[in-house]
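>
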Amino acid sequence: MLTNQNGNNTYSFNIDKFYRNYLKGPNLFRKREALEPSFIPDELPHRNSEIEKIAGITACALKGDVPPNFLCYGMTGTGKTATVRYVSQKLAQHCTNNPPWWIYINCTVVSTPYRILAHIYNTIVGREKIPATGLPKDVILKKLLGLLDQKVKNSVCFLVLDEIDILIEKKGGNEILYTLTRLNESLDLCRTSVIGISNKLKFMEYLDSRVTSNLDEEEPIVFHPYNANELADILKLRAKIAFHEGIIEEGVIKLCAGLAAREHGDARKALQLLRKAGEIAERNQNKKIFEKHVENAQKDIDKDHIVEYMLSMPLQAQLTLTAIFLLSKYTREHIITSGDIYDVHSELTNKVPGVKQLTHRRISDYINELALSGLITANTRSMGHYGRTKIINLDIESELVERVLSQIKKIQDYKLLNYKPILLQTDKVKVKNIVFKKLI
DNA sequence: TATCCACAGGAAATCAGGGTGT
DNA sequence: ACACCCTGATTTCCTGTGGATA
């Protein structure tokens, strides 16, 4: 949450009293983890056909055969990862000897060819044997092949690539997928199988044809979004584990399910809402969870996302946002173009020692990223003889932006929010030559 | 109707910072 | 010390473009 580091807030928070009250207050949770996305319950409602398909494809591992590579598609929160994990647990229970290895790779975190190979290696060894950088890729691949034959002897190693679509957006993505799907050709005593999990249905179109044929050995498994009723079933099941009995008021589950169903049936979102509602109720010393807690949870989650995102951006992106903020604050009556943002950003970087001025090209990318995250909108518009540019609007409350930006060390230290862009010369179509002037 | 602005955005190159083995 | 590797951020170079204006 937001803290005021300037020391000019009007009241002081009594943390000791808060903790004492918190401990004295009601305890609603029995097992909070049950609402985490990583929790795998004993049953997965409304995923029977998917479980059946995956179980069918992977079953041959029980008899020592090589399962084919396959893909799982579906939007976020449709239970792809959970279903794969669920099946893997069940499969392990039925293995008498040589249980298969399951290596999960989240491609948003482990996103380069080198790191994927290193991650697989390190997971099998159980410690950080391969450094984060430094070795040639082919050396690691050789080491990995040796390790697989030695450690996964006479068994199968499933490589689960979560968010596999991230990979191919990057260079080298196709190559590593090709390598991973053909590991078996270089292995003697062990077999591997790749399971790709993707949020994007169109992902296959961007794949190299060599990779497509390797990954397409089975019909892809499509996970449809949950509807509100299905989400409610999931929530009921989890709530039973997560909370003590009788503390959820009528309508709470339905509300969570309804809100999440609106967001393409995202179960993760539904669980998050319920957990947050529980936390809010607990913090307010309530003995039950009411609908109002869910409504507050919804607001909190939205805001938390935005704040967290802004604080985690690289400094240059934060400065770009600062430029947009200042422009929208002080030049309300004029449109903001990417050129303006570039000018103001350059001025800002001049004020901060050790921060480089960037090129138009780079700023253009930052603008796109900010637009993608929903903080701003950017629409390309042609203005005839005045060129083609993007018209940028701040899309969230400017007070919130200001509050968050003011917490960022460099912006605070160099008082960047106290600067004001002024117009040197006004054109009838757009504002040109915005120049910075210090405020008193 | 041709022109031309102010960029958009793709591709490849470069740089710095992390590392390696010899 | 040296040659070399990998990555992520950024620059350089480039071609493309919608539509008001001359």
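Quick note: to get the numbering used here, add 50 to the position in the first sequence (first position is 1).
Backbone N, C-alpha and C fix where the C-beta goes; we use that ideal spot for every residue, glycine too.
All figures in this text were calculated on a predicted structure; none of them were measured in a lab.
Kindly list the residues whose CB is nearer than 8 angstroms to the CB of Asn156, restricted to its own chain and excluding five residues on each side of it in sequence; keep chain order.
These residues qualify, in order along the chain: Asp212 and Glu213.
> What span of residues does the beta strand (DSSP E) with Tyr256 cover, start to end?
Looking at the DSSP string, Tyr256 is not in any beta strand (DSSP E), and its letter there is neither H nor E.
> Quick one: grab the DSSP three-state call for Asp393.
Correct three-state label for Asp393: helix.
> What is the rounded straight-line gap between the Cα of Gly222 and the Cα of Val210?
About 18 angstroms.
> Cutting at 6 angstroms between CB atoms, please list the residues of its own chain near Val357, excluding the five before and the five after it.
Result list for Val357: Val454, in chain order.
> Short check: CB of Ile284 to CB of Ala320, under 8 angstroms?
Yes, the Cβ-Cβ distance between Ile284 and Ala320 is below 8 angstroms.
> From Tyr123 to Thr131, what distance separates their C-alpha atoms?
When rounded, the distance between both Cα atoms is 10 angstroms.
> What residue ranges within the stretch 199 to 243 form continuous alpha helix (DSSP H) runs of no fewer than 4 residues, ordered along the chain?
Fully enclosed alpha helix (DSSP H) runs of 4 or longer: 215 to 219 and 223 to 231.
> Could you pull the start and end residues of the beta strand (DSSP E) that Lys440 belongs to?
Here the beta strand (DSSP E) through Lys440 covers Arg438 to Leu444.
> Who are Cys122's beta bridge partners in DSSP?
DSSP lists Ile247 and Ile271 as partners of Cys122.
> Taking the beta carbon of Ile391 as the centre, do at least 16 other beta carbons fall within 10 Å, making it buried, or is it exposed?
Classification for Ile391: buried.
> So for Ile298, helix, strand or coil by DSSP?
Of the three classes helix, strand and coil, the one that applies to Ile298 here is strand, per DSSP.
> Can you tell me whether DSSP reads Ile472 as helix, strand or coil?
Residue state, collapsed to three classes: strand.
> Who pairs with Thr430 in a beta bridge, going by DSSP?
Lys440, per the DSSP bridge assignment.
> Kindly give me the distance between the Cβ atoms of Lys140 and Ile174, rounded to whole angstroms, as I take these residues to be in contact under 8 angstroms.
About 22 angstroms; that fails the 8 angstroms criterion.
> CB-CB under 7 angstroms to Ser62, same chain, minus the five flanking residues each way: which ones, in chain order?
Nothing meets the Cβ criterion.
> Going by alpha carbons, who is nearest to Asp393 out of Gly246, Ala307, Leu251 and Leu408?
Ranking the options by Cα distance to Asp393, first place goes to Leu408.
> Could you tell me whether the Cβ atoms of Ile386 and Ile374 are closer together than 8 angstroms?
It is a contact, given that the beta carbons lie within the stated cut-off.
> Go ahead and pull the three-state DSSP assignment for Ile90.
Coil at Ile90, not helix or strand.
> To the nearest angstrom, report how far apart Glu332 and Lys338 are at their CA atoms.
Approximately 8 angstroms, taken between the alpha carbons.
> Check for me: the beta strand (DSSP E) holding Asn279 runs from which residue to which?
No beta strand (DSSP E) holds Asn279; the alpha helix (DSSP H) holding it covers Ala278 to Ala292.
> Any chance you could list the beta strand (DSSP E) runs of at least 3 consecutive residues sitting entirely within the stretch 138 to 190, in chain order?
Within the stretch 138 to 190, the complete beta strand (DSSP E) runs of at least 3 residues are 151 to 156.
> Quick check on the DSSP output: the alpha helix (DSSP H) that includes Arg411 runs from which residue to which?
Residues His410 to Leu422.
> Tell whether a beta-carbon distance below 8 angstroms holds between Leu420 and Leu466.
In this structure, Leu466 does not lie closer than 8 angstroms to Leu420 by Cβ.
> Using DSSP's beta-bridge definition, name the partner residues of Ile339.
Bridge partners of Ile339: Ile298.
> Tell me the rounded alpha-carbon separation between Asp258 and Asn224.
Straight-line Cα distance between these residues: approximately 6 angstroms.
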